[in-house]
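There are 2 protein chains.
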Amino acid sequence: MNILVVGSVALDTIATPDKSVKRALGGSATYFSTAARYFAPVRLVGVVGNDFPEEHVKFLKSRDIDIKGLTTETGPTFHWQGEYGPDFGDARTIDTQLGVFADFHPVIPEQFRDSQFVFLANIDPELQLEVLEQVNDPLVTALDTMNYWITGKPEALKKTLAKVDILLINETEAQMLAGIDNLFQAAQAVMDMGPGTLVIKRGGSGALLFHRPYESGGEPGLFSVPAFLLDKISDPTGAGDTFAGGFVGYLASAGSLNSESVRQAVVAGSVMASFNVQSFSLERLGSISRNDIQKRLDEFAARTSFKPIKIE
Amino acid sequence: MNILVVGSVALDTIATPDKSVKRALGGSATYFSTAARYFAPVRLVGVVGNDFPEEHVKFLKSRDIDIKGLTTETGPTFHWQGEYGPDFGDARTIDTQLGVFADFHPVIPEQFRDSQFVFLANIDPELQLEVLEQVNDPLVTALDTMNYWITGKPEALKKTLAKVDILLINETEAQMLAGIDNLFQAAQAVMDMGPGTLVIKRGGSGALLFHRPYESGGEPGLFSVPAFLLDKISDPTGAGDTFAGGFVGYLASAGSLNSESVRQAVVAGSVMASFNVQSFSLERLGSISRNDIQKRLDEFAARTSFKPIKIE
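Sequence lines, in order, name chains A and B. Residue numbers for the first sequence follow this note's numbering, beginning at 1 and rising by one. Residue numbers for the second sequence follow this note's numbering, beginning at 313 and rising by one.
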């Protein structure tokens, strides 16, 4: 099934303790699309400036991402500059230049409006609502957001949350959105705002999935995975969007959102994110094969499975 | 099979954002024994002062822990005072009074020397060596340690590490011991020091198991679990020792250390630790049933299992 993603296509300047890159390809829609495209067709809506390098357009095309919704405006492309410490935790933002992204109002091309899966990357919740009004009747809608919108546009965000099926956010965002530190309690408060499926991304600590109904038919609504341990991390930029791409991409390939596919989607998201952090920009994520993905999915299962324990 | 544990029996004064307790029962050997006793017979060696309340002795006896190796010396019992912040991360130590524990030299009673499983809780590595010299030919030996000994007695610790089968330590201790931040690399460096099995405890981020041989017979040597998510944490004190108790206890009940039992042991350790953090001191850990444990083991499996993913 088709996936529509609306989000940023950007240039990133990134420093880690080991290495730095300048104006590399980045952006939430870029990472999402590249990851999701391994599983299903992807249609991208976004905006870049007239400084956006042709090689990056070629990259997106080479990944067979449908970029008919990527417009070019006069002005600079969204540019983010950040740096990571030795623990590769949250980045420190040095500078953000929105450029042409500041006036972005997503227009969904006619031929994209029938998309069955819709992913609203981290943009102004008012724009996310505009997108939802332009699509026909998608099977599944998913949303990302961030602290900036949680504190800055809480009302618009709540309106958007009431309309989507899935919310993917990180741990601190979930805590901030709910106003509760405990993740179990925070998750239930966030789900009361609308989304029947909530994924909380925890970086090196893995991911949590809450899925309604909590306990119907004996199926637990809580699923929990560790992160895929790597012997080296190069650059975590885009890991959250890549996770979302693997997650939504897998669901679109499965064709439905149920208590089994949604767990597998969390594993797919975790695995795709693990590829992404192994290089800067889209280097690794954009050059793996489906066979590489299958191997790591198998390894993920091997690293997390155990035989049932009966002590009685 | 029988388990011998050598470690501290202490009094803890603990403050959390919600509640405080004064001079409650604590100590590494106490938490370990209480958890392990749900799975196998436990023999405890330690020391308390003549101020140690009789009710705590009664508690240990009521849990059917063999305390013939618990001696009483003139002077105060080991007393630790600490406090936790709202995130229930590492405790801040306010005061440590070793009391009679300062001169502790473990003497293993004759009838304890045939123990098949030996757990050396976090004490001076020189004392851990003394214990190993006093036991006959145990099937499995396991060790805990801490930053204090890693920096203070590195040579004695390395001698001890070369003699044990299993090391259980937390994340920062593994990094410090190896001198490497990346946990995958740190684990391999630590195992090169001796232990064929390494458990890295990560608190709310779960636990990692490394088990030699890494890949023989197609069995992966790396196993990874998330923490059991709870809707409320009361007091994390003793969680690491409780994990070790569930881990070693489960192995002793299984009767051997192999690539299957050691994974199940990590799950058992995680589950026992999850009970412990739900109350102060031994309140919850000391009052659950084996049926409570089985239910949570089942829930742990339900929360972490997923069907294999085939994308080809």
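Beta carbons are placed, not taken as given, at the ideal position from N, Cα and C, and that holds for glycine. Given the structure is predicted, the values throughout are model-derived calculations rather than measurements.
Cα-Cα separation, residue i to residue j
{"i": "L168(A)", "j": "E611(B)", "result": "24 Å"}
{"i": "I65(A)", "j": "V9(A)", "result": "13 Å"}
{"i": "V135(A)", "j": "F117(A)", "result": "10 Å"}
{"i": "Y343(B)", "j": "T554(B)", "result": "5 Å"}
{"i": "L444(B)", "j": "V317(B)", "result": "11 Å"}
{"i": "D103(A)", "j": "V57(A)", "result": "21 Å"}
{"i": "S253(A)", "j": "G464(B)", "result": "55 Å"}
{"i": "G552(B)", "j": "E483(B)", "result": "11 Å"}
{"i": "V452(B)", "j": "I512(B)", "result": "18 Å"}
{"i": "I150(A)", "j": "D192(A)", "result": "16 Å"}
{"i": "G529(B)", "j": "H523(B)", "result": "Only weak support exists for where G529(B) lies, its pLDDT of 48 falling under 50; the coordinates are left without a value."}
{"i": "F431(B)", "j": "L455(B)", "result": "6 Å"}
{"i": "T145(A)", "j": "H105(A)", "result": "17 Å"}
{"i": "K261(A)", "j": "L251(A)", "result": "Here the sequence assigns Ser to residue 261(A), which means Lys is not the residue at that position. Going by the C-alpha atoms only, they are around 6 Å apart."}
{"i": "L297(A)", "j": "I623(B)", "result": "9 Å"}
{"i": "A244(A)", "j": "G204(A)", "result": "16 Å"}
{"i": "F70(A)", "j": "A36(A)", "result": "Contrary to the premise, residue 70(A) reads as Leu rather than Phe in this sequence. Spanning the two alpha carbons is a distance of roughly 17 Å."}
{"i": "S617(B)", "j": "V267(A)", "result": "11 Å"}
{"i": "R63(A)", "j": "E283(A)", "result": "12 Å"}
{"i": "V42(A)", "j": "E130(A)", "result": "20 Å"}
{"i": "W80(A)", "j": "I123(A)", "result": "14 Å"}
{"i": "S490(B)", "j": "V502(B)", "result": "Here the sequence assigns Ala to residue 490(B), which means Ser is not the residue at that position. Approximately 6 Å between the Cα atoms of the pair."}
{"i": "N494(B)", "j": "Y84(A)", "result": "15 Å"}
{"i": "P466(B)", "j": "N147(A)", "result": "44 Å"}
{"i": "S427(B)", "j": "D449(B)", "result": "8 Å"}
{"i": "R292(B)", "j": "S568(B)", "result": "Here chain B covers residues 313 to 624 and nothing more, so residue 292(B) does not appear."}
CB of residue i within 8 Å of CB of residue j, strictly
{"i": "V164(A)", "j": "P195(A)", "result": "yes"}
{"i": "P538(B)", "j": "V225(A)", "result": "yes"}
{"i": "F535(B)", "j": "S582(B)", "result": "no"}
{"i": "G7(A)", "j": "G27(A)", "result": "yes"}
{"i": "D543(B)", "j": "F184(A)", "result": "yes"}
{"i": "F59(A)", "j": "G221(A)", "result": "no"}
{"i": "A341(B)", "j": "L323(B)", "result": "no"}
When the options are compared against residue i, the one with the closest alpha-carbon
{"i": "S281(A)", "options": "I233(A), S259(A), L127(A) and V267(A)", "result": "I233(A)"}
{"i": "N2(A)", "options": "G82(A), S287(A) and Y38(A)", "result": "Y38(A)"}
{"i": "R514(B)", "options": "G491(B), D543(B), L473(B) and P548(B)", "result": "P548(B)"}
{"i": "R335(B)", "options": "A403(B), T408(B), T384(B) and D402(B)", "result": "T408(B)"}
{"i": "R404(B)", "options": "I326(B), N459(B), A501(B) and D426(B)", "result": "I326(B)"}
{"i": "L127(A)", "options": "K159(A), G85(A) and H79(A)", "result": "K159(A)"}
{"i": "I478(B)", "options": "V560(B), N494(B) and L337(B)", "result": "V560(B)"}
{"i": "P308(A)", "options": "K619(B), Q606(B) and I621(B)", "result": "Q606(B)"}
{"i": "A614(B)", "options": "S259(A), Y148(A), G255(A) and E54(A)", "result": "S259(A)"}
{"i": "G89(A)", "options": "N147(A), M176(A) and P17(A)", "result": "P17(A)"}
{"i": "S601(B)", "options": "T346(B), K331(B), L337(B) and V333(B)", "result": "T346(B)"}
8 Å Cβ cutoff, residue i in contact with chain B
{"i": "E83(A)", "result": "no"}
{"i": "G206(A)", "result": "yes"}
{"i": "R290(A)", "result": "yes"}
{"i": "K19(A)", "result": "no"}
{"i": "M226(A)", "result": "Here residue 226(A) turns out to be Pro, not Met, going by the sequence shown. It does; some Cβ of chain B falls within 8 Å."}
{"i": "A40(A)", "result": "no"}
{"i": "L168(A)", "result": "no"}
{"i": "I311(A)", "result": "yes"}
{"i": "Q97(A)", "result": "no"}
{"i": "R37(A)", "result": "no"}
{"i": "L177(A)", "result": "no"}
Interface flag, residue i vs chain A, CB-CB below 8 Å
{"i": "I605(B)", "result": "yes"}
{"i": "D493(B)", "result": "yes"}
{"i": "D399(B)", "result": "yes"}
{"i": "L542(B)", "result": "yes"}
{"i": "V579(B)", "result": "yes"}
{"i": "R615(B)", "result": "yes"}
{"i": "Q590(B)", "result": "no"}
{"i": "K619(B)", "result": "yes"}
{"i": "F496(B)", "result": "yes"}
{"i": "L563(B)", "result": "no"}
{"i": "L609(B)", "result": "yes"}
{"i": "L510(B)", "result": "no"}
Contact belief for residue i with residue j at Cβ below 8 Å, rounded distance in angstroms
{"i": "N291(A)", "j": "G238(A)", "result": "The pair is not a contact, with the Cβ atoms about 23 Å apart (cut-off 8 Å)."}
{"i": "G246(A)", "j": "A273(A)", "result": "7 Å"}
{"i": "I94(A)", "j": "G82(A)", "result": "6 Å"}
{"i": "G99(A)", "j": "T77(A)", "result": "5 Å"}
{"i": "A499(B)", "j": "A486(B)", "result": "7 Å"}
{"i": "L209(A)", "j": "R263(A)", "result": "7 Å"}
{"i": "T384(B)", "j": "F413(B)", "result": "Actually they are not in contact, since the Cβ atoms of T384(B) and F413(B) sit about 12 Å apart, beyond 8 Å."}
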